[in-house]
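For the sequence shown, the residue numbers in the working numbering are 9 to 289.
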Amino acid sequence: MTKRQRDSAGQSAPVEAWDAIAAQYDEHVAPGESELATAGLRLAGLKPGDSFLDVAAGTGGLSLPAARSGAKVLATDWSPKMIDRFNARVISEGLDAEGRVMDCHALDIPDDSFDITGSQFGVMLVPDQAKALREMVRVTKPGGRVLIIAYGDPAEFEALHFFVRAAQAVVPELEGPPDDEPLLEFQLADPDVLRQRLIAAGLSDVVVHTNHRERITVSTGRRLWDWTLGGNPIAGQLLGDLTDRQRADIVDVLDEMIRDSSAGDGPLVLTAPLNIGIGTK
Ligand SMILES: C[S@@+](CC[C@H](N)C(=O)[O-])C[C@H]1O[C@@H](n2cnc3c(N)ncnc32)[C@H](O)[C@@H]1O
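See the structure below:
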């Protein structure tokens, strides 16, 4: 991505950009999140029969494990295409859950409604995070809990650096993510910032767990390409206007890097640090 493209792309992807990647997100990203989501839900104390609200839920990376564990789930996201995919899964699995289109900055939900309200890789990246967190607290019952799962230090986000290295091997002038102005995706990378924002939103007994990592298992360049491009519109913006040839070459370079890094010995596991914050209303 050139400087000019970055300025015009801005920091925050519009809803249409999330709609455009909903199918890839559902196929290549959300299924790999279920172990992490289950760990977060357990830390938040979710029990069968609890009411659970998922905010910026995507296609259900957090909501589906919650519903499968016996919670009554409302999944909300501003992207109609993400919610369509979630609702289709709910019907096919016969779960006690519903998806509704909603912007997390203004939830169309009465005060004090849910036992637990969560957001995984969602409220982490929105522009007015303070407002979104206050909304999560507002709709949670007194004594209920709010759960936030967010990326930690971007310097340790292995898949991102792997991908950028491959892309720059093919297109040397391509810029990586900006160092001077961190992406919104990493606004909770510092666990102290997450703690302070949860307290500022009105929560008490706030705990931030820093000992969990996201794990992505890749055995081919295509798999890492699909995971990266399907996970966030920012990846497509970073690549800019590459030709099909350049894109295919990046996949080939990723293949080589994966083979080299795993010494041809099975799949490669790339990890990223996480901050899991929980507070009580
Ligand atoms: C990286 S995905 C995470 C999805 C899901 N929580 C998961 O863990 O798989 C980010 C999600 O945030 C949603 N999102 C972004 N801005 C939003 C907003 N203002 N209101 C509601 N959802 C939003 C996007 O549509 C997308 O589904």
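By construction, the Cβ of each residue, glycine as well, lies at the ideal position given by its N, Cα and C atoms.
Around the C-beta of residue i, are 16 or more other C-beta atoms found within 10 angstroms, so that it is buried, or is it exposed?
i              : result
glutamine 81   : According to the sequence as given, residue 81 is valine; it is not glutamine. Under this definition valine 81 is a buried residue.
threonine 125  : buried
isoleucine 284 : buried
glutamate 41   : buried
asparagine 1   : The structure shown does not extend to residue 1, since the chain is modelled only from 9 to 289, so the question has no answer here.
threonine 67   : buried
glycine 274    : exposed
proline 135    : exposed
serine 87      : buried
glutamate 150  : As written in the sequence, residue 150 is proline, which differs from the glutamate given in the question. Result: exposed.
threonine 225  : exposed
isoleucine 266 : buried
glutamate 43   : exposed
aspartate 252  : exposed
aspartate 123  : buried
arginine 93    : buried
alanine 21     : buried
aspartate 85   : buried
alanine 140    : buried
aspartate 58   : buried
alanine 208    : exposed
Figure out for me which residue from the options has the closest Cα to the Cα of residue i.
i              : options                        : result
alanine 138    : Leu206, Phe194, Glu24, Pro56   : Leu206
proline 180    : Leu202, Pro22, Phe171          : Phe171
proline 56     : Val63, Thr46, Ala64            : Thr46
aspartate 54   : Ile99, Gly152, Thr218          : Looking at the sequence itself, residue 54 is leucine, so the reference to aspartate does not match. The candidate whose alpha carbon is nearest that of leucine 54 is Gly152.
valine 215     : Arg203, Asp27, Gly244          : Arg203
alanine 65     : Phe129, Pro199, Gln32, Gly48   : Phe129
glycine 175    : Gln254, Val147, Ala163, Ser212 : A small correction: the amino acid at residue 175 is alanine; glycine does not occupy that position in the sequence shown. For the residues Gln254, Val147, Ala163, Ser212, the minimum Cα distance to alanine 175 belongs to Gln254.
aspartate 198  : Ser227, Leu49, Leu282, Gly210  : Leu282
isoleucine 286 : Leu133, Arg146, Asp92, Ile156  : Ile156
tyrosine 6     : Thr228, Ile91, Gln195, Leu115  : With the chain represented from 9 up to 289, any question about residue 6 goes unanswered, as that position is not in the structure.
leucine 232    : Lys89, Gln19, His36            : His36
arginine 97    : Val147, Pro150, Val145, Ala38  : Ala38
tyrosine 33    : Ala25, Ala167, Trp235          : Trp235
proline 185    : Ile242, Ser59, Glu166          : Ile242
alanine 52     : Ala30, Leu278, Ser127, His113  : Ser127
leucine 211    : Leu133, Gly244, Thr288, Trp26  : Thr288
glycine 107    : His113, Val63, Leu133, Thr228  : Val63
glycine 229    : Glu24, Glu183, Leu278          : Leu278
methionine 90  : Asp123, Glu43, Arg50, Glu24    : Glu24
serine 227     : Ser270, Arg142, Asp257         : Ser270
alanine 30     : Arg50, Gly48, Asn95            : Asn95
alanine 256    : Glu143, Ala177, Arg223         : Ala177
arginine 221   : Gly48, Leu182, Leu61           : Gly48
Which one or two residues does DSSP pair with residue i in a beta bridge?
i              : result
threonine 84   : Val63, Arg108
isoleucine 286 : Leu155, Val215
serine 127     : Ile156
isoleucine 224 : Leu278
threonine 148  : Phe122
Return yes when at least one heavy atom of ligand 3 lies under 8 Å from the C-beta of residue i, else no.
i          : result
valine 216 : Within the structure as shown, ligand 3 is missing, the only ligands being ligand 1.
If you measure from the beta carbon of residue i to each beta carbon in chain B, is any gap under 9 Å?
i          : result
valine 178 : The question asks about chain B, but that chain is absent: this structure has only one protein chain.
message: Using only Cβ atoms and a threshold of 6 Å, which residues come within that distance of a heavy atom of ligand 1? Order them by chain position.
response: Trp26, Ala38, Glu41, Ala64, Ala65, Gly66, Gly69, Leu70, Asp85, Trp86, Ser87, Met90, Asp111, Cys112, His113, Gln128, Phe129, Gly130, Val134, Asn240
task: Decide if the stretch 241-250 is in contact with the stretch 109-125; the criterion is three or more beta carbon pairs, one per stretch, under 8 Å apart.
output: no
query: Counting pairs of beta carbons, one from the stretch 97-104 and one from the stretch 71-80, are three or more of them closer than 8 Å?
result: Result yes; three or more Cβ-Cβ pairs closer than 8 Å.
message: Contact between the stretch 258-265 and the stretch 181-192 is defined here as three or more beta-carbon pairs at a separation below 8 Å; is this criterion met?
response: Under the Cβ criterion (8 Å, minimum of three pairs), the stretch 258-265 does not count as touching the stretch 181-192.
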